[in-house]
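Engineer: Residue numbers for the sequence shown follow my numbering, beginning at 6 and rising by one.
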Amino acid sequence: MKFFVDTADVTEIKELAATGLLDGVTTNPSLVAKAKRDFREIIAEICAAVPGPVSAEVAATDLDGMLKEGRTLARIAKNVAVKVPLTWDGLKACRALTGEGAMVNVTLCFSANQALLAAKAGATFISPFVGRLDDSGADGMELVREIRTIYDNFPELKTQILAASIRNVLHVKQAAMIGADVATVPPAVLRALVSHPLTDKGLELFLADWRKTGQRIV
Ligand code: G3P
Numbered sequence: 006m007k008f009f010v011d012t013a014d015v016t017e018i019k020e021l022a023a024t025g026l027l028d029g030v031t032t033n034p035s036l037v038a039k040a041k042r043d044f045r046e047i048i049a050e051i052c053a054a055v056p057g058p059v060s061a062e063v064a065a066t067d068l069d070g071m072l073k074e075g076r077t078l079a080r081i082a083k084n085v086a087v088k089v090p091l092t093w094d095g096l097k098a099c100r101a102l103t104g105e106g107a108m109v110n111v112t113l114c115f116s117a118n119q120a121l122l123a124a125k126a127g128a129t130f131i132s133p134f135v136g137r138l139d140d141s142g143a144d145g146m147e148l149v150r151e152i153r154t155i156y157d158n159f160p161e162l163k164t165q166i167l168a169a170s171i172r173n174v175l176h177v178k179q180a181a182m183i184g185a186d187v188a189t190v191p192p193a194v195l196r197a198l199v200s201h202p203l204t205d206k207g208l209e210l211f212l213a214d215w216r217k218t219g220q221r222i223v
């Protein structure tokens with residue numbers, strides 16, 4: 006499973022990219038608002054820091070507007086994935102932009118039928134929002150499971166499942182077990198993936214025993 010980080014904080018992205026474990030980045034208008042910087046500049050910087058796909062979301066909701074904005078965003082760098090909402094116009098924009106060679110991430114997916122439509126529209130990525138479904142009392146991971154089943158039933162559908170609105174490390178494990186192609190994860194959750202108290206305790210014990218040997222490796 007690929008790891009994308011879900012943030013528009015360029016400093017944070019550069020730090021995480023240095024681990025060599027980051028496959029891409031997703032942003033959304035809320036994350037860009039938090040960054041308080043010029044959107045296109047942010048996207049250009051992220052694209053230069055991370056070679057994988059970088060999702061940049063359109064703000065227009067009509068087809069023409071989405072196409073204009075999508076083309077502008079796609080011109081920023083080869084690794085921009087234009088993010089469009091899961092509406093009829095969003096699906097039309099998806100079809101047109103992928104036809105022009107752009108990557109497209111169809112976002113705000115809350116049902117399996119929406120995901121089927123996005124795949125038929127040629128989406129590069131579909132973003133089911135796991136955490137927001139959980140918040141509403143539904144089972145967000147069940148949606149990822151349903152989409153996996155549907156896409157596996159029809160191998161001609163090449164859309165990658167990008168589990169989004171990931172809120173905790175359990176979500177990451179579940180997405181991997183279900184077979185999501187990508188999980189986009191907030192920086193804090195990405196950092197938390199490495200932690201286990203028994204790792205810390207075990208390392209402490211090994212180091213204490215090593216000191217007793219009085220040896221050095223180099
Ligand atoms: O980028 C889309 C998604 O990951 C947003 O997550 O936590 O705002 O529901 P959240």
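Glycine is no exception: its CB is placed at the ideal position from the N, C-alpha and C atoms.
#1: Answer yes or no: the CB of SER200 versus the heavy atoms of the ligand G3P, is any distance below 7 angstroms?
#2: Per DSSP, what kind of secondary structure is GLU151 in: helix, strand or coil?
#3: Do THR189 and ILE166 have their CB atoms nearer than 8 angstroms?
#4: Are LEU96 and VAL87 closer than 8 angstroms when you measure CB to CB?
#5: For ALA193 and SER132, which I take to be in contact (beta-carbon distance under 8 angstroms), what is that distance rounded to the nearest angstrom?
#6: Tell me whether ALA107 is buried or exposed, calling it buried when 16 or more other Cβ atoms sit within 10 Å of its Cβ.
#7: Do you know offhand how far THR32's Cα is from ASP14's?
#8: Count the C-beta pairs between the segment 208-215 and the segment 32-42 that are closer than 8 angstroms, then say yes if the count reaches three, no if not.
#9: Should ARG172 be counted as a contact of the ligand G3P given a C-beta to heavy atom distance under 7 angstroms?
#10: Within this structure, are the beta carbons of ILE18 and ILE48 separated by less than 8 angstroms?
#11: Nearest to GLY25 by alpha carbon, out of PRO202, GLN179 and VAL10?
#12: In terms of residues, what are the limits of the alpha helix (DSSP H) holding MET6?
#13: Would LEU162 and ALA197 qualify as a contact pair, given that the criterion is a beta-carbon distance under 8 angstroms?
#14: List, from N- to C-terminal side, the beta strand (DSSP E) runs of 3 residues or more that fit wholly inside the segment 97-132.
Structural biologist: Working from what's here:
#1: no
#2: helix
#3: no
#4: no
#5: Contact flag wrong, Cβ pair sits at about 20 angstroms.
#6: buried
#7: 9 angstroms
#8: no
#9: yes
#10: no
#11: VAL10
#12: It is not in any alpha helix (DSSP H) - MET6 carries neither H nor E in the DSSP assignment.
#13: no
#14: 108-114
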